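Since the structure comes first, as C-alpha cells, the remarks are kept for the end.
Residue numbers (the numbering used here): 3 to 85.
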C-alpha cells in the first residue's frame with residue numbers, strides 16, 4: 003500500500019514540475035505504483051487464505067474440545083446420579 007502511494011506521489015510530482023505534456027515521464031511513478039500493488043496483492047491474498055484456514059482449524063478444535071468437555075461432564079454427573 004505504501005509503495006502504491008509513493009508511486010502516485012512521484013507521478014503527481016512529475017505532473018507538477020513538467021506538466022501533462024510528456025506522458026513518458028509519468029510512466030515511472032505509475033509503473034512503481036502498479037508493481038507495488040501487485041507485490042502487495044501477491045503477499046496479501048495468500049496470507050488471507052492462510053489466515054482463514056488457521057481460523058477454520060481453530061474453530062474445529064474448539065468444537066471438539068467443547069464436545070469432549072460436555073462428554074466428561076455428562077459422564078461425571080451420570081456417575082453421581084447413580085450413587
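All C-beta atoms in this analysis are idealised placements derived from N, C-alpha and C, irrespective of residue type, glycine included. Values in this document were obtained by computation on a predicted structure and should not be read as measured data.
Cβ pair residue i, residue j closer than 8 angstroms
{"i": "residue 12", "j": "residue 42", "result": "no"}
{"i": "residue 35", "j": "residue 6", "result": "yes"}
Limits of the unbroken alpha helix (DSSP H) element including residue i
{"i": "residue 116", "result": "No statement about residue 116 is possible, as the shown extent of the chain runs from 3 to 85 and does not include it."}
Separation of residue j from residue i, as counted between CA atoms
{"i": "residue 57", "j": "residue 40", "result": "26 angstroms"}
{"i": "residue 46", "j": "residue 38", "result": "12 angstroms"}
{"i": "residue 52", "j": "residue 16", "result": "39 angstroms"}
{"i": "residue 80", "j": "residue 50", "result": "45 angstroms"}
{"i": "residue 63", "j": "residue 33", "result": "45 angstroms"}
{"i": "residue 61", "j": "residue 68", "result": "11 angstroms"}
{"i": "residue 54", "j": "residue 66", "result": "18 angstroms"}
{"i": "residue 77", "j": "residue 70", "result": "11 angstroms"}
{"i": "residue 4", "j": "residue 75", "result": "53 angstroms"}
{"i": "residue 14", "j": "residue 23", "result": "13 angstroms"}
Environment of residue i [buried if 16+ CB atoms lie within 10 Å]
{"i": "residue 9", "result": "buried"}
{"i": "residue 72", "result": "exposed"}
{"i": "residue 29", "result": "exposed"}
Could you tell me which whole beta strand (DSSP E) segments of length 3 or greater appear in the segment 50-78?
Complete beta strand (DSSP E) runs here, min 3: none at all.
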